[in-house]
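**Student:** Every letter in the sequence shown is one number past the one before it in UniProt numbering, and letter 181, counting from 1, is 181.
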Amino acid sequence: MSDAASTPTSSAPTSSPLCPHILDATSESFTVDVIERSRTAPVVIDFWAPWCGPCKMLGPVLEKLAREYDGKFTLVKIDVDQASDIAGSFGVRSIPAVFGVRDGQVFDAFTGVLPENSIRQWIDRLLPSPAETLIKQAQALEATDPQTAEAKYAEALAIIPDLPEAQLGLARLALAAGRTEEAAGVIFALERRGFLEPEGEKLKAELILRTQAANSGGVDAARAALAAEPKDLARKFALAEALAASGGYEEALSICLDLVERDRKGVGEKARQTMLAVFQLLPSDSPLVTEFRRQLSLAL
């Protein structure tokens, strides 16, 4: 998939007087009509022009299906003569050209006139499955209604057993509720496949940090213990663990790097593993990740 192009928006969408699910978009209204709208339901973009004969054949079929599907997707018609910038950003070279957009990204596309049945099948592939719909609903509810979110993830798993997105959602909820053993069980089960999704790697990293910090007694206690024995590398590592578990990533990484440099084969190895776990939790483009990855590489 690729990101759908977007432009500043200032105009309200123009809908068909007969169907609210058919819009005529412009360059100015594109962001609202397509990008923002696609985050709640799929959008089908029909690039056309008044002089295009095939467009006059395809357009009525798309409009018929938009009415029939009654809100499961929105048909957005874009006149390429009036919005050549948008057509160009999508790489449109001939019309009619049709793009399916979900969650702000191009999901699929076709050009030319297809039989109605083929278009219907194309639209059906664009629409989220019942399990995908449940996943999206659950994700939206995680912060405000975790019990309902958990039920929706379970319902999705009843439709598609072993669905990773649902399993990761349940692990995320369990971890947020402090049920670390339950979360760990889900993550380790997924890991037996031989790989983990990025979200799974992130949850695994958080589990590692929480487990490591469980015996530290918290940042204040770990800091006090180190103050009593400043040269004790184990106590220094315990402070790094507590800091990492509480979100004090920069200080934790700094301490861990120092331990790697001082005692690479001893506590430094544990410190290295903690650094890798913190890297998983932070965005890949985080300045902290960039800088400490570089320093860790030099230290090794």
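Glycine included, every Cβ here is placed at the ideal spot set by N, Cα and C.
Because the structure is a prediction, the values reported are computed rather than measured.
How long is the line joining the alpha carbons of Leu58 and Gly247, rounded to whole angstroms?
**Tutor:** For the purposes of this step, residue 58 is taken as residue 58 along the sequence shown, with counting starting at 1. For the purposes of this step, residue 247 is taken as residue 247 along the sequence shown, with counting starting at 1. Their Cα atoms are separated by approximately 55 Å.
**Student:** Can you round the beta-carbon distance between Ala245 and Leu209 to whole angstroms, since I take them to be within the 8 Å contact cut?
**Tutor:** As a working mapping, residue 245 is identified with position 245 in the sequence shown. As a working mapping, residue 209 is identified with position 209 in the sequence shown. Going by Cβ atoms, the distance from Ala245 to Leu209 rounds to 5 Å, so yes, they are a contact pair.
**Student:** Name, in chain order, the residues that DSSP records as bridge partners for Ala109.
**Tutor:** In the sequence shown, the residue the question calls residue 109 occupies position 109. Phe99, per the DSSP bridge assignment.
**Student:** Among Val186, Ala238, Val98, Asp232, which residue has its Cα nearest to the Cα of Thr211?
**Tutor:** Numbered from 1 along the sequence shown, position 211 holds the residue referred to as residue 211. Residue Ala238 is the option with its Cα nearest to Thr211.
**Student:** Mind reading off the beta-carbon distance from Val44 to Gly100? Whole number of angstroms is fine, and I expect it under 8 Å.
**Tutor:** Sequence index remark: in the sequence shown, residue 44 carries index 44 (1-based). Sequence index remark: in the sequence shown, residue 100 carries index 100 (1-based). Yes, Val44 and Gly100 are in contact; Cβ-Cβ is about 6 Å, under 8 Å.
**Student:** Here's the rule: buried if 16 or more other CB atoms are within 10 angstroms of the residue's CB, otherwise exposed. What is Glu165?
**Tutor:** Mapped onto the sequence shown, residue 165 falls at position 165. Buried, because 16 or more other Cβ atoms sit within 10 Å of the Cβ of Glu165.
**Student:** At the level of alpha carbons, what is the spacing between Ile119 and Thr40?
**Tutor:** Reading the sequence shown from its first residue, position 119 is the one you call residue 119. Reading the sequence shown from its first residue, position 40 is the one you call residue 40. If you take the alpha carbons of Ile119 and Thr40, they lie about 21 Å apart.
**Student:** Are there 16 or more other CB atoms within 10 angstroms of the CB of Ala105, so buried, or fewer, so exposed?
**Tutor:** Within the sequence shown, the letter at position 105 stands for residue 105. Reading the sequence as shown, one finds Gln at residue 105 and not Ala. Label assigned to Gln105: exposed.
**Student:** What does the alpha-carbon distance come out to for the pair Cys19 and Gln82?
**Tutor:** Working through the sequence shown from its first residue, we reach residue 19 at position 19. Working through the sequence shown from its first residue, we reach residue 82 at position 82. Between Cys19 and Gln82, the C-alpha separation is close to 22 Å.
**Student:** Between Ala49 and the rest of its own chain, which residues show a CB-CB distance below 8 Å, the 5 nearest in sequence each way excluded?
**Tutor:** Against the sequence shown, residue 49 aligns to sequence position 49. Closer than 8 Å at the Cβ level, and outside the excluded window around Ala49, lie Cys55, Asp79, Val80, Asp81, Ile95.
**Student:** Starting from Lys77, follow the beta strand (DSSP E) in both directions and report where the run begins and ends.
**Tutor:** As a first step, residue 77 must be located in the sequence shown, where it is residue number 77. Note, Lys77: beta strand (DSSP E), 74 to 79.
**Student:** Going straight from the alpha carbon of Thr111 to that of Pro60, what length do you get?
**Tutor:** For the purposes of this step, residue 111 is identified with residue 111 of the sequence shown, where counting begins at 1. For the purposes of this step, residue 60 is identified with residue 60 of the sequence shown, where counting begins at 1. In a straight line, the C-alpha of Thr111 is about 16 Å away from that of Pro60.
**Student:** For the candidate residues Asp263, Pro115, Leu226, Ala213, whose alpha-carbon lies nearest to that of Arg277?
**Tutor:** On the sequence shown, residue 277 is found 277 positions in, with the first residue counted as 1. The sequence given here has Ala at residue 277, not Arg. Ranking Asp263, Pro115, Leu226, Ala213 by Cα distance to Ala277 puts Ala213 first.
**Student:** Below 7 Å CB to CB, which residues in the same chain sit around Gly200 once its five sequence neighbours on both sides are set aside?
**Tutor:** Stepping through the sequence shown from its first residue, residue 200 is reached at position 200. Around Gly200: Leu168, Ile187, Leu190.
**Student:** Taking the alpha-carbon positions, what's the Arg93 to Pro283 distance?
**Tutor:** In the sequence shown, counting from the first residue as 1, residue 93 sits at position 93. In the sequence shown, counting from the first residue as 1, residue 283 sits at position 283. Distance between the alpha carbons of Arg93 and Pro283: 37 Å.
**Student:** So Leu257 packs on Phe292, CB below 8 Å; how close in whole Å?
**Tutor:** Counting from 1 along the sequence shown, the entry for residue 257 is found at position 257. Counting from 1 along the sequence shown, the entry for residue 292 is found at position 292. About 6 Å; that satisfies the 8 Å criterion.
**Student:** Does Pro230 pass the burial test, meaning 16 or more other C-beta atoms within 10 Å, or should it be called exposed?
**Tutor:** Locating residue 230 in the sequence shown gives position 230, counting from the first residue. It counts as exposed.
**Student:** Use the C-beta contact count for Met1: other C-beta atoms within 10 angstroms, 16 or more gives buried, fewer gives exposed.
**Tutor:** The sequence position of residue 1 within the sequence shown is 1, counting from 1. Annotation note: pLDDT 46 at Met1 (below 50); position unreliable, coordinate value reported separately. Classification for Met1: exposed.
**Student:** How long is the line joining the alpha carbons of Lys204 and Gln121, rounded to whole angstroms?
**Tutor:** In the sequence shown, counting from the first residue as 1, residue 204 sits at position 204. In the sequence shown, counting from the first residue as 1, residue 121 sits at position 121. Cα to Cα, Lys204 sits roughly 39 Å from Gln121.
**Student:** Measure from the alpha carbon of Ile35 to the alpha carbon of each residue in Ala66, Arg223, Ile86, then state which is nearest.
**Tutor:** Against the sequence shown, residue 35 aligns to sequence position 35. The option with the nearest alpha carbon to Ile35 is Ile86.
**Student:** If you drop the 5 nearest sequence neighbours on each side, which residues of the same chain put their C-beta closer than 8 Å to that of Thr290?
**Tutor:** Looking up residue 290 in the sequence shown gives position 290. Here the set comprises nothing.
**Student:** Return the bridge partner residues of Ala205 from the DSSP annotation.
**Tutor:** Along the sequence shown, one-based indexing puts residue 205 at 205. Its beta-bridge partners do not exist; DSSP assigns none.
**Student:** Would DSSP call Ser6 helix, strand or coil?
**Tutor:** By one-based count along the sequence shown, residue 6 stands at place 6. Note on Ser6: pLDDT 45, under 50, position unreliable in the model; no value is reported.
**Student:** Go ahead and pull the three-state DSSP assignment for Leu23.
**Tutor:** Sequence index remark: in the sequence shown, residue 23 carries index 23 (1-based). It is a strand residue.
**Student:** Lys77: which of Asp24, Ala176, Leu175, Gln273 sits nearest, CA to CA?
**Tutor:** Counted from its first residue, the sequence shown places residue 77 at position 77. It is Asp24.
**Student:** Ile45 lies in the beta strand (DSSP E); which residues open and close that run?
**Tutor:** Along the sequence shown, read from residue 1 onward, the residue named residue 45 stands at position 45. Element bounds for Ile45: 43 to 48.
**Student:** Hey, could you find the ends of the alpha helix (DSSP H) Cys55 is sitting in?
**Tutor:** As a position in the sequence shown, residue 55 is number 55, starting the count at 1. 53 to 69 is the extent of the alpha helix (DSSP H) around Cys55.
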